[in-house]
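So for the sequence shown, the UniProt record's numbering puts the first residue at 1; every next one is plus one.
Step one of this worksheet: look at the structure below.
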Amino acid sequence: MAKYYCILFDADNTLLDFDAAERKALAETLTQYGIEPSNETVERYRAINEGLWRQLEKGQIRREKLVNERFTRFLKEIGAAGNGAEMNRYYLNQLSTHPDLMPGNVLDVLHELAEVATMAIVTNGFDKVQSRRVKESGVAAFMEEVFVSEQSESEKPNRKIFDTALRTLGVENRDHVLVVGDSLSSDIQGGINAGLDTCWLNRNHIENPGQVCPTYEIDSLEQLYPIVMESDELARVGMKNRRHQI
């Protein structure tokens with residue numbers, strides 16, 4: 001019998017390759033508006049966008065400000081004319097058309113896990129973008145539900161979106177729920193805030209500063225199955241600043 005019979009996955013850069021999708025959609029958007037998608041312009045946009053998302057996750061701004069300002073700020077920084085709100089709408093549409101999967105055997109892993117656990121996605125982002133990408137990638141076939149922050153009016157790491165997911169799924173015992181994601185500040189902290197065990201997908205072996213401590217740490221999705229089944233050799237890590245690395 002599985003240790004975890006409910007798995008809540010992050011979407012971007014956990015199951016879906018957001019970096020690849022963003023790169024394509026941004027290049028298409030900049031080209032559409034007569035801006036060269038050079039490395040410099042792309043990095044300027046990303047810095048602005050990531051900064052606004054960090055503010056949103058901390059509750060410092062509202063979602064409307066993010067969508068209204070990210071391209072407006074970008075245009076101002078590069079000294080270009082244009083309508084930032086219009087660019088944002090075009091960008092989101094283009095982003096929704098890129099359902100890139102992360103490298104590896106994502107669908108095979110989900111197929112295996114689906115035999116022992118109920119799975120759902122809990123993701124920050126915009127509903128029309130995330131829902132389409134999840135569906136067209138093939139990931140939706142293995143998910144009971146897809147919970148997008150725009151629907152829940154709450155971004156990770158706020159526990160509200162996790163509470164909504166568990167309530168909708170009919171899961172009462174949080175001891176058997178595992179949150180899986182690539183972001184310490186969003187996915188892992190969000191799971192901790194909701195009183196759930198967490199698994200940090202650290203593909204690039206980034207050093208953990210130690211402020212957020214996941215229950216488990218892996219570097220590939222293929223390593224999830226023994227955690228979910230809790231093989232005898234896997235024990236919960238209870239000491240501060242320690243975690244499973246398998």
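We put the CB at the ideal spot given by N, CA and C, even for glycine.
_Simplified DSSP state of residue 118, which is helix, strand or coil_ = Mapped onto the sequence shown, residue 118 falls at position 118. DSSP places residue 118 in strand when its eight states are reduced to three.
*For residue 65, count neighbouring Cβ atoms within 10 angstroms of its own Cβ and tell me buried if that reaches 16, exposed if not.*
One-based indexing of the sequence shown puts residue 65 at position 65. The C-beta of residue 65 has fewer than 16 other C-beta atoms within 10 Å across all chains shown, which makes the residue exposed.
*asked:* Can you tell me which residues form a DSSP beta bridge with residue 199?
replied: Working through the sequence shown from its first residue, we reach residue 199 at position 199. Residue 199 is bridged to 180 and 216.
*Nearest to residue 130 by alpha carbon, out of 186, 62, 148 and 160?*
For this step, residue 130 is matched to residue 130 along the sequence shown. Of all alpha-carbon atoms in 186, 62, 148 and 160, the one lying nearest the alpha-carbon of residue 130 is that of 148.
*residue 301 and residue 145: beta carbons closer than 8 Å?*
No answer is possible for residue 301: it lies beyond the span of the chain, which begins at 1 and ends at 246.
*asked:* Between residue 116 and residue 194, how many whole angstroms is the CB-CB distance? I'm expecting something under 8 Å.
replied: Along the sequence shown, one-based indexing puts residue 116 at 116. Along the sequence shown, one-based indexing puts residue 194 at 194. Not confirmed; about 22 Å, so no contact.
*Between residue 109 and residue 217, what straight-line distance do the alpha-carbon atoms span, to the nearest angstrom?*
What you label residue 109 is simply residue 109 of the sequence shown in a count that begins at 1. What you label residue 217 is simply residue 217 of the sequence shown in a count that begins at 1. So the two alpha carbons sit approximately 17 Å from each other.
*On the three-pair Cβ rule with 8 Å, is the segment 95-112 touching the segment 153-170?*
Short answer: they don't touch.
*asked:* Using only the alpha-carbon positions, how far apart do residue 13 and residue 39 sit?
replied: Mapped onto the sequence shown, residue 13 falls at position 13. Mapped onto the sequence shown, residue 39 falls at position 39. Taking C-alpha positions only, residue 13 is separated from residue 39 by approximately 21 Å.
*For the beta strand (DSSP E) containing residue 16, list its first residue and its last residue.*
Looking up residue 16 in the sequence shown gives position 16. Careful: residue 16 lies outside any beta strand (DSSP E) and carries neither H nor E.
_Touch test, the segment 195-214 against the segment 80-90, Cβ-Cβ under 8 Å, three pairs minimum_ = The segment 195-214, when compared against the segment 80-90, does not touch it at the 8 Å Cβ threshold.
*Output yes or no for whether 8 Å exceeds the beta carbon distance between residue 49 and residue 62.*
Along the sequence shown, read from residue 1 onward, the residue named residue 49 stands at position 49. Along the sequence shown, read from residue 1 onward, the residue named residue 62 stands at position 62. No, the Cβ-Cβ distance between residue 49 and residue 62 is not below 8 Å.
*Unbroken beta strand (DSSP E) runs of length 3 or more, entirely within the segment 89-176: which are they?*
Listed in chain order, they are 118-123 and 145-148.
*What's the C-alpha gap between residue 230 and residue 68?*
Here residue 230 is taken as the residue at index 230 of the sequence shown, counted from 1. Here residue 68 is taken as the residue at index 68 of the sequence shown, counted from 1. Distance between the alpha carbons of residue 230 and residue 68 is about 45 Å.
*Can you tell me whether residue 239 is buried or exposed, with buried defined as 16 or more other CB within 10 angstroms of its CB?*
Counted from its first residue, the sequence shown places residue 239 at position 239. Unreliable placement is indicated for residue 239, whose pLDDT of 28 sits below 50; no coordinate value is reported for it.
_Suppose contacts are defined by Cβ-Cβ distances below 8 Å. Is residue 127 in contact with residue 150 by that definition?_
Taking the sequence shown and counting its residues from 1, one reaches residue 127 at position 127. Taking the sequence shown and counting its residues from 1, one reaches residue 150 at position 150. In contact: residue 127 and residue 150 (Cβ atoms closer than 8 Å).
*Rounded C-beta distance between residue 81 and residue 35? I'm assuming under 8 Å.*
The residue you call residue 81 lines up with position 81 of the sequence shown. The residue you call residue 35 lines up with position 35 of the sequence shown. That belief does not hold up - the Cβ atoms of residue 81 and residue 35 are roughly 10 Å apart, past 8 Å.
*7 Å Cβ shell around residue 171 - same chain, five flanking residues per side excluded*: By one-based count along the sequence shown, residue 171 stands at place 171. Closer than 7 Å at the Cβ level, and outside the excluded window around residue 171, lie 6 and 177.
*If we call anything under 8 Å between Cβ atoms a contact, is residue 215 one with residue 187?*
For this step, residue 215 is matched to residue 215 along the sequence shown. For this step, residue 187 is matched to residue 187 along the sequence shown. Not a contact, by the Cβ cut-off of 8 Å.
*Would you kindly report the start and end of the unbroken beta strand (DSSP E) that includes residue 248?*
Here the chain covers residues 1 to 246 and nothing more, so residue 248 does not appear.
_Measuring only the C-alpha atoms, how far is residue 43 from residue 192?_
Here residue 43 corresponds to residue number 43 of the sequence shown, with the count starting at 1. Here residue 192 corresponds to residue number 192 of the sequence shown, with the count starting at 1. Whole-angstrom Cα-Cα distance: 31 Å.
*For residue 250, which option in 211, 223 and 209 has the closest C-alpha, if you only look at C-alpha atoms?*
Residue 250 lies beyond the residue range present for the chain, which begins at 1 and ends at 246; the question has no answer from this structure.
*Taking just the CA atoms, how far does residue 211 sit from residue 59?*
Your numbering for residue 59 matches position 59 in the sequence shown. Your numbering for residue 211 matches position 211 in the sequence shown. Roughly 19 Å separates the two Cα atoms.
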